[in-house]
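Before any comments, here is the structure.
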Amino acid sequence: MDKNQLLTKLWEQYADITPSAKKIHELLEERGEEIQNDHIAIRTFNDKRVNIDVLEKPFLNVGYEAKGEYNFETKKLYAKHYEHATDKSAPRIFISELELEKCSTELQETVQNILNSCDQNVFNDPELVLSGSVWKGNSQAIYKSLLEESEYAAWMYVYGFRANHFTINTNALKEFKTLEELNNFVEESGWKLNASGGKIKGTPEQLLEQSSTLADLYVVDFEEGAIEIPSCYYEFALRYPMANGELYQGFVASSADKIFESTDVKLQETK
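Here the sequence shown is numbered in this note's numbering, starting from 9 and rising by one per residue.
Rendered as C-alpha cells:
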C-alpha cells in the first residue's frame, strides 16, 4: 500500500462515521476552495502490542519521518508527529498514546483484558491502523467505566484504530484569511465548535492557531442497547512563519490538549 492509498483509506474510514466532515469539505469546494489536509491524528494505548512504535510503521514505510514529541500530563498522553521526507504537501501524522501506567489499576486491567481478548495475530497486521475496534467493543458497562476516568480510553474502546480527526490547512484556502473567518463560516453553516479553552486555541506568537467542530454523534449498538457516542471531528489549522520565513511545522501541546476534548461527552451535553 503506497502513501496515497493509505491516506485515502484513512479518510474513507473517518468520513464514514463523520458526515459533518464530508459536508464541510463539500461546502468549501462549492465555494471554489481546494482542500489541503494539515494533519491526521490517531489514538492508541502505550501497550507494546499497539503503541506508537507499532502504529507508526505503515507511515514510516511510505516515507514519513518522526519529528516532534509532546506530553499531556493531565490527560496522561504522550504523542509524536511525523512529516513526509520528500512530499511537503503530504499531511503530517500525529499519533498519541494513553500512558497506562499513570492510570488506575482498574483501567489498566480493563485495557489489558480488552487487548488480551483479541486474536494476538491481529496486532501484526500491517494495516492495523485501519482496523477499527479489533476487540469486541460492545459493552456499555465497560465503555462507561472507562469514561469515568478517561474519555480517551472510552473512545478507543468503541472506535479503535482509525483517524480520530482530519484537519483543513487554512493557509491553503483562498477566501478565508483568518481562522476566525473560517470558524464563522462553519458555525453559520450549522456546526458547533469546541469552545474549551476558547474557540481558537493558540496564538500567532505560538505560530499555530487551531479550532475544531464538536465530534459527530454516532449510534453504537451495545449489548445493553444502542446509544449515541461522540465519534470524530474536523479540525482547522492556521500556521504562521518562523523567523526564517518558513511556516511552523510542529504542534503546541497546550492547544492540542483542548482539541482532544472535541470528542468529550460533557462538551456534547452543552451542544
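Every residue gets a Cβ at the ideal spot worked out from N, C-alpha and C, and that includes glycine.
Could you tell me whether the Cβ of residue i comes closer than 8 Å to any Cβ of chain B?
{"i": "T186", "result": "This model lacks chain B altogether, as it is built from one protein chain only."}
In terms of residue numbering, what span does the alpha helix (DSSP H) encompassing residue i cover?
{"i": "Q116", "result": "T113 to N124"}
{"i": "N252", "result": "Element bounds for N252: n/a, residue is neither H nor E."}
{"i": "L148", "result": "Residue 148 is actually Gln in this sequence, not Leu. Element bounds for Q148: Q148 to E157."}
{"i": "D265", "result": "A261 to I267"}
{"i": "V194", "result": "L187 to E196"}
Can you grab the Cα-Cα spacing for the pair residue i / residue j, in whole Å?
{"i": "G76", "j": "G258", "result": "7 Å"}
{"i": "D127", "j": "D61", "result": "20 Å"}
{"i": "F8", "j": "G233", "result": "In the structure displayed, the chain extends from 9 to 279; residue 8 sits before or after that span and is not available."}
{"i": "T278", "j": "L222", "result": "With a pLDDT of only 49 at T278, under 50, the local geometry of the prediction cannot be trusted, and no value is derived from it."}
{"i": "S263", "j": "Q218", "result": "7 Å"}
{"i": "R57", "j": "F268", "result": "23 Å"}
{"i": "N202", "j": "Y151", "result": "23 Å"}
{"i": "A251", "j": "T178", "result": "20 Å"}
{"i": "E231", "j": "Q21", "result": "23 Å"}
{"i": "A29", "j": "S239", "result": "12 Å"}
{"i": "E91", "j": "S153", "result": "36 Å"}
{"i": "D95", "j": "S125", "result": "39 Å"}
{"i": "F174", "j": "N129", "result": "29 Å"}
{"i": "Q13", "j": "A93", "result": "17 Å"}
{"i": "A87", "j": "E73", "result": "14 Å"}
{"i": "L187", "j": "N59", "result": "33 Å"}
{"i": "P249", "j": "N172", "result": "27 Å"}
{"i": "D24", "j": "K31", "result": "12 Å"}
{"i": "G253", "j": "E114", "result": "49 Å"}
{"i": "K200", "j": "K207", "result": "10 Å"}
{"i": "L35", "j": "F193", "result": "10 Å"}
{"i": "P212", "j": "L18", "result": "30 Å"}
{"i": "H89", "j": "S158", "result": "22 Å"}
{"i": "F131", "j": "R39", "result": "43 Å"}
{"i": "T52", "j": "M164", "result": "7 Å"}
{"i": "Q214", "j": "E195", "result": "25 Å"}
Relative to the alpha-carbon of residue i, which residue among the options has its alpha-carbon at the smallest distance?
{"i": "V260", "options": "L246, T113, N172 and G253", "result": "L246"}
{"i": "L123", "options": "E188, N54, E183 and N172", "result": "N54"}
{"i": "V166", "options": "E20, E114 and V228", "result": "V228"}
{"i": "V70", "options": "P134, M250, L106 and G168", "result": "P134"}
{"i": "Q44", "options": "T52, H33 and L201", "result": "H33"}
{"i": "S204", "options": "K31, K11, E254 and D272", "result": "D272"}
{"i": "D46", "options": "S220, S270, I237 and G253", "result": "S220"}
{"i": "K7", "options": "Y248, N172, F80 and G145", "result": "The structure shown does not extend to residue 7, since the chain spans only 9 to 279, so no value can be given for it."}
{"i": "K144", "options": "E157, N121 and S158", "result": "N121"}
{"i": "S97", "options": "K11, S270 and G210", "result": "K11"}
{"i": "N146", "options": "Y78, I237 and S270", "result": "I237"}
{"i": "K209", "options": "Y78, M9 and S270", "result": "S270"}
Do residue j and residue i count as a contact pair if the criterion is CB distance below 8 Å?
{"i": "S4", "j": "L85", "result": "Summary: the structure shown does not reach residue 4, with the chain confined to residues 9 through 279, and so no result is reported for it."}
{"i": "Q148", "j": "I235", "result": "yes"}
{"i": "E41", "j": "L181", "result": "yes"}
{"i": "I48", "j": "P99", "result": "yes"}
{"i": "T16", "j": "Y242", "result": "no"}
{"i": "F244", "j": "L190", "result": "yes"}
{"i": "Y256", "j": "L225", "result": "no"}
{"i": "T118", "j": "D265", "result": "no"}
{"i": "L106", "j": "Y160", "result": "yes"}
{"i": "V137", "j": "P66", "result": "yes"}
{"i": "L63", "j": "I50", "result": "yes"}
{"i": "S139", "j": "F169", "result": "yes"}
Name the two residues that bound the continuous beta strand (DSSP E) containing residue i.
{"i": "N172", "result": "A171 to N177"}
{"i": "S97", "result": "Neither: S97 is in no beta strand (DSSP E) and is coded neither H nor E."}
{"i": "K75", "result": "Y72 to F80"}
{"i": "V130", "result": "Taken as a continuous stretch (DSSP letters only), V130 belongs to no beta strand (DSSP E), as it is neither H nor E."}
{"i": "S220", "result": "L216 to S220"}
{"i": "E236", "result": "G233 to P238"}
{"i": "D229", "result": "L225 to F230"}
I want to check one thing, is the minimum distance from the CB of residue i to the heavy atoms of the ligand NAP below 7 Å?
{"i": "K30", "result": "The ligand NAP is not part of this structure, which contains no ligands at all."}
List, from N- to C-terminal side, the alpha helix (DSSP H) runs of 4 residues or more that fit wholly inside the segment 10-66.
Those alpha helix (DSSP H) runs which fall completely within the segment 10-66 and span 4+ residues are 11-24, 27-38 and 60-63.
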